[in-house]
Amino acid sequence: MGDRGTSNHSEMTDFILAGFRVCPELHILFFLLFLFVYAMILLGNVGMMAIIMTDPRLNTPMYFFLGNLSFIDLFYSSVIAPKAMINFWSENKSISFAGCVAQLFLFALFIVTEGFLLAAMAYDRFIAICNPLLYSVQMSTRFCTQLVAGSYFCGCISSVIQTSMTFTLSFCASRAVDHFYCDSRPLQRLSCSDLFIHRMISFSLSCIIILPTIIVIIVSYVYIVSTVLRIHSTEGRKKAFSTCSSHLGAVSVLYGAVFFMYLTPDRFPELSKVASLCYSLVTPMLNPLIYSLRNKDVQEALKKFLEKKNIIL
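The UniProt record's numbering applies: residue 1 is where the sequence shown begins, and numbers increase by one.
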């Protein structure tokens, strides 16, 4: 009986995404909310990539990183939002075992890559403000490409480890994942395995990912602030800070939501869902707004892009 009560991951054919614990009448409201947010994500991030690729004035390292940030935001939100919206309408909220693996792998890949990319963007701002004369030499096209490729590589390695650890667990009879997408923490709650080693490895992996990126960002901004404070011109200070404020906004939104989720105890799964909603959908929606509203170059490029479209139409 004990063997029949527990099924190994190899016997598990699908999972059920429980989603949010709300009454059925609110499903339409949640669907419309998700649809609006996802439409804003598509519009904002595709528009940002189009502007950066078509405007020669934005052919700089800063906008190269920003274009990749928009690409990452677009794709990791697309891993989550469509399936979540389908589940609001469908009676069958199942996701195949392979689909669950793919969802966890891709989301972990893109979210970790974004963390490293934000660190690379902080380093770019550090060089631009603290060593402006050497900026074009140090932030060469080759070096920027290496930073982005390294971010994806770190994201891929982390995702492979996290996904393989999660899906080598033995899962109990329940298939109901108490979340709106396949994430490692709710999947762990379905496991019959001893999770001590798994949690220690996950914690170590999180430290390896988060601490270096946070350190790079903090150290970069310590040097940036000390350099800006030595600028005598008020206009010069404002210009220097304006190039950093958008990046700081993006960092605050992402890391704030991630820390909130990981600090939320397992006995409050609904709070974890809210935090996950912030960094899986709200952050990708806000990033293009943060960078466009606080950046004159992007505003001018957007105006020029829209004028071209009007002429064509």
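All residues carry an ideal CB built from backbone N, CA and C; glycine is no exception.
| said: Give me, in chain order, the residues of the same chain whose beta-carbon lies closer than 8 Å to that of His247; leave out the 5 immediate sequence neighbours on both sides. | reply: Only residues of its own chain outside the window of five on either side were considered, and among them Leu118, Met121, Ala122, Arg125 have a CB closer than 8 Å to the CB of His247, listed in chain order.
| said: In this structure, how does DSSP classify Arg4 when only helix, strand and coil are distinguished? | reply: Any reading at Arg4 is ruled out, since the residue's pLDDT is 40, under 50, leaving its predicted position unreliable.
| said: Check whether the region 192-212 and the region 221-230 touch, using three or more Cβ-Cβ pairs below 8 Å as the test. | reply: In short, these stretches do not touch, since the Cβ pair count stays below three.
| message | Please state the DSSP three-state secondary structure of Ser94. | response | Correct three-state label for Ser94: strand.
| message | By the three-class DSSP mapping on this structure, what secondary structure does His9 have? | response | Caution is warranted here: a pLDDT of 45 is assigned to His9, below 50, making its placement in the model unreliable, and the coordinate value is therefore given only provisionally. In the structure shown, His9 sits in coil (DSSP, three-state: anything other than H, G, I, E or B).
| message | Considering only DSSP beta bridges, list what Leu17 is partnered with. | response | In the DSSP assignment, the residues bridged to Leu17 are Val177.
| Between the beta-carbon of Asn45 and the beta-carbon of Ser70, is there less than 8 Å? | Yes, Cβ-Cβ distance for Asn45 and Ser70 is below 8 Å.
| What first and last residue would you give for the alpha helix (DSSP H) that runs through Met40? | From DSSP, the alpha helix (DSSP H) with Met40 extends over 27-54.
| Should the region 75-88 be regarded as contacting the region 257-267, the criterion being three or more beta carbon pairs within less than 8 Å? | Taking 8 Å as the limit for Cβ pairs, the verdict is that the region 257-267 does not touch the region 75-88.
| Tyr59, buried or exposed, once every other Cβ within 10 Å from all chains shown has been counted against 16 | One point to set straight first is that residue 59 is Asn, not Tyr, in the sequence displayed. Exposed.
| task | Can you say whether Met53 is buried or exposed, counting buried as having 16 or more other CB atoms within 10 angstroms of its CB? | result | Under this definition Met53 is an exposed residue.
| query | Is it true that the region 289-298 meets the region 140-152, where meeting means three or more beta-carbon pairs spaced less than 8 Å apart? | reply | No, the region 289-298 is not in contact with the region 140-152.
| said: Could you give the first and the last residue of the continuous alpha helix (DSSP H) run that contains Phe203? | reply: Looking at the DSSP string, the run of the alpha helix (DSSP H) that includes Phe203 is 196-229.
| field | Segment limits, alpha helix (DSSP H) that includes Asp73 | value | In the DSSP assignment, Asp73 falls within the alpha helix (DSSP H) that extends over 61-89.
| When you compare only the Cα positions, how much space is there between Leu26 and Tyr63? | Cα to Cα, Leu26 sits roughly 40 Å from Tyr63.
| said: Please identify the residue among Cys207, Pro61, Tyr38 whose C-alpha is closest to the C-alpha of Thr243. | reply: It is Pro61 whose Cα lies nearest to the Cα of Thr243.
| Reduced DSSP category for Lys308 - H, G, I as helix; E, B as strand; rest coil | Taken through DSSP and simplified to helix, strand or coil, Lys308 comes out as helix.
| message | Applying the 10 Å Cβ sphere with the 16-neighbour rule, what's the burial state of Ser252? | response | The C-beta of Ser252 has fewer than 16 other C-beta atoms within 10 Å across all chains shown, which makes the residue exposed.
| query | Mapping DSSP to helix, strand and coil, what is Ser191? | reply | Strand, per DSSP.
| said: Looking at Asn87: is its Cβ nearer than 8 Å to the Cβ of Leu17? | reply: Yes, the pair counts as a contact, with Cβ atoms nearer than the cut-off.
| Thr145 (DSSP reduced to helix, strand or coil) | Reduced to three states, the DSSP call for Thr145 is helix.
| Beta-carbon separation of Cys192 and Ser170 under 8 Å? | Less than 8 Å separates the beta-carbon of Cys192 from that of Ser170.
| Comparing alpha-carbon positions, which option in Asn68, Ile290, Phe20 lies nearest Leu147? | Of the listed residues, the one whose Cα sits closest to Leu147 is Asn68.
| message | Can you list, in chain order, the residues of its chain with a C-beta nearer than 6 Å to that of Cys100? Leave out the 5 residues immediately preceding and following it. | response | Answer for Cys100: Phe15, Cys182, listed in chain order.
| message | By alpha-carbon positions, which one of Ile111, Cys130, Ser174, Cys172 ends up nearest to Gln162? | response | It is Ile111 whose Cα lies nearest to the Cα of Gln162.
| Between His179 and Lys273, which are expected to be in contact by the criterion C-beta below 8 Å, what is the C-beta distance as a whole number of angstroms? | 6 Å between Cβ atoms; contact.
| 8 Å Cβ shell around Ser10 - same chain, five flanking residues per side excluded | Any reading at Ser10 is ruled out, since the residue's pLDDT is 45, under 50, leaving its predicted position unreliable.
| Whole-angstrom C-beta distance between Thr264 and Ala275, which should lie under 8 Å | The beta-carbon distance between Ala275 and Thr264, rounded to whole angstroms, is 6 Å. This is short enough to meet the 8 Å contact definition.
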